[in-house]
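Trainee: Numbering (full-length UniProt numbering), first residue to last: 1 to 104. Beta carbons: idealized from backbone N, C-alpha and C, even for Gly.
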């Protein structure tokens, strides 16, 4: 099971915890709209595709991703980057790396 399918099932199962019918219906509609948008955008996979047009991807053609800084800053002063396409260890590290300067 992919991380996304787990997340989707969690979103859908959360609806069962909502007591008010009107609120539950609105939540379900909103969640379904989000899922449909993600599907139509191919789950934003273009962000990670080195062959995608430059304006659609977050990495260089070589696969380097640069930290974009914290959400409340224009840039990252550390100027660190990672290339998950380089080797297995980089892919593992990239899975925990967040592009807005936060570790998960």
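Who are the Cβ neighbours of residue 64 in its own chain at under 8 Å, not counting the five residues just before and after it?
Mentor: 81, 82, 83
Trainee: Which first and last residues belong to the alpha helix (DSSP H) in which residue 27 is found?
Mentor: 21-40
Trainee: DSSP state of residue 48, grouped into three classes?
Mentor: Helix, per DSSP.
Trainee: Can you name the residues that DSSP bridges to residue 82?
Mentor: Answer by DSSP bridge pairing, in chain order: 65.
Trainee: Residue 59 by DSSP, collapsed to three states: which one?
Mentor: Of the three classes helix, strand and coil, the one that applies to residue 59 here is strand, per DSSP.
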